[in-house]
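Student: Numbering (the numbering used here), first residue to last: 8 to 275.
Cβ coordinates follow ideal geometry from the N, Cα and C atoms, glycine included.
As the structure is a prediction and not an experimental result, all values here were calculated from the model.
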Ligand code: FPP
Ligand code: MG
């Protein structure tokens, strides 16, 4: 399965999407793609990796929905630093899946170029194998000039690690006399994070019925609308997606008001 695929929506689904398109579309949607292993168990698959592979297919489908709807930025939680604690076998299988998918992405680079999609990997690259890192670096390099849509793949990522690494890089700049401590503010901090290329997410969608953040984008979530879906990630449907967009549209004015209020009070 490719990263970018053709739209397969029915007439009714296309119609529903058109209706929602007349409302406010979130600029940036982040996904916590949870429930692959419970899905594999439910389907009585022999191995969790079948659940993760179907999870990747769902990711490709979801990216197409986002492109159709006009979402400019998407961030997906593909592999957390905590996931390294899983069995050696599962970690290895997930790394092999990622390598295969990034090879595929490079083979199909024209599709990414055609849609103007830029790829960014957000995470601690020092924890990723050299092979995978090279593939990820190449994906980032060849898509650097694309500006229609941005896909952030959070890999070897946790929010706490991101914050610690940001503090380290700022401390090094202070140490090298490139920066004064009093020059550090929220804006400069955000500009030094893994996610510095992105605006904060407007909408976060977590699947599988779990109601928690799992150390994902904790700094960036302050004014995001959170939608929890009960579906396991491989079962997440276009209707679940459109429902999340609908709830976002019902709440986005209030979120915008709170954000403006906070920006104003920070200036006073
Ligand atoms: C969470 O479900 C999912 C993951 C840890 C992996 C997600 C990865 C993919 C969807 C593939 C993406 C691949 C690339 C190359 C971007 P879980 O394993 O925690 O399932 P559970 O909650 O049922 O235990
Ligand atoms: Mg899980």
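State yes or no: is the C-beta of residue 6 nearer than 6 Å to some heavy atom of the ligand FPP?
Tutor: For residue 6 there is no data in the structure shown, the boundaries of the chain being 8 and 275.
Student: Under a Cβ-count criterion, where at least 16 other Cβ atoms within 10 Å of its own Cβ denotes burial, should residue 21 be classed as buried or exposed?
Tutor: As a position in the chain shown, residue 21 is number 14, starting the count at 1. Flag for residue 21 reads exposed.
Student: Considering only the beta carbon of each residue, do residue 88 and residue 116 sit closer than 7 Å?
Tutor: Within the chain shown, numbered from 1, the residue matching residue 88 stands at position 81. Within the chain shown, numbered from 1, the residue matching residue 116 stands at position 109. Contact flag unset, no.
Student: Quick one: what does DSSP say residue 82 is sitting in, helix, strand or coil?
Tutor: Position 75 of the chain shown, counted from the first residue, corresponds to residue 82. Residue 82 falls in the strand class under three-state DSSP.
Student: At a threshold of 6 Å, does residue 222 count as lining the ligand MG (C-beta to nearest heavy atom)?
Tutor: On the chain shown, position 215 is the one that residue 222 refers to. Because no heavy atom of the ligand MG lies under 6 Å away, the Cβ of residue 222 does not count as near it: no.
Student: In angstroms with no decimal places, state the Cα-to-Cα distance between residue 11 and residue 184.
Tutor: Within the chain shown, the letter at position 4 stands for residue 11. Within the chain shown, the letter at position 177 stands for residue 184. Those two C-alpha atoms are separated by around 45 Å.
Student: Counting along the chain, where does the alpha helix (DSSP H) carrying residue 2 start and finish?
Tutor: Only positions 8 to 275 of the chain appear in the structure, and residue 2 is not among them; the question remains open.
Student: Exposed or buried, what is residue 127 when buried is set at 16 or more other beta-carbons lying within 10 Å of its beta-carbon?
Tutor: By 1-based counting over the chain shown, the position of residue 127 is 120. Answer is buried; the Cβ neighbour count reaches 16.
Student: Which same chain residues, not among the five before or five after residue 218, have their C-beta less than 6 Å away from its C-beta?
Tutor: Numbered from its first residue, the chain shown carries residue 218 at position 211. 235.
Student: Quick check: residue 45 and residue 220, are their CB atoms within less than 7 Å of each other?
Tutor: Against the chain shown, residue 45 aligns to sequence position 38. Against the chain shown, residue 220 aligns to sequence position 213. No, Cβ-Cβ distance for residue 45 and residue 220 is not below 7 Å.
Student: Determine whether the Cβ of residue 186 lies closer than 7 Å to any Cβ atom of chain C.
Tutor: Any reference to chain C falls outside this structure, which holds one protein chain only.
Student: Answer yes or no: the CB of residue 85 versus the heavy atoms of the ligand FPP, is any distance below 6 Å?
Tutor: On the chain shown, residue 85 is found 78 positions in, with the first residue counted as 1. Checking the Cβ of residue 85 against the ligand FPP gives yes.
Student: Taking residue 82 as the reference, which of 232, 207, 260 has the closest Cα?
Tutor: Walking along the chain shown from the start, residue 82 turns up at place 75. The candidate whose alpha carbon is nearest that of residue 82 is 207.
Student: Which class does residue 39 belong to by DSSP, given the choice of helix, strand or coil?
Tutor: On the chain shown, position 32 is the one that residue 39 refers to. Residue 39 falls in the strand class under three-state DSSP.
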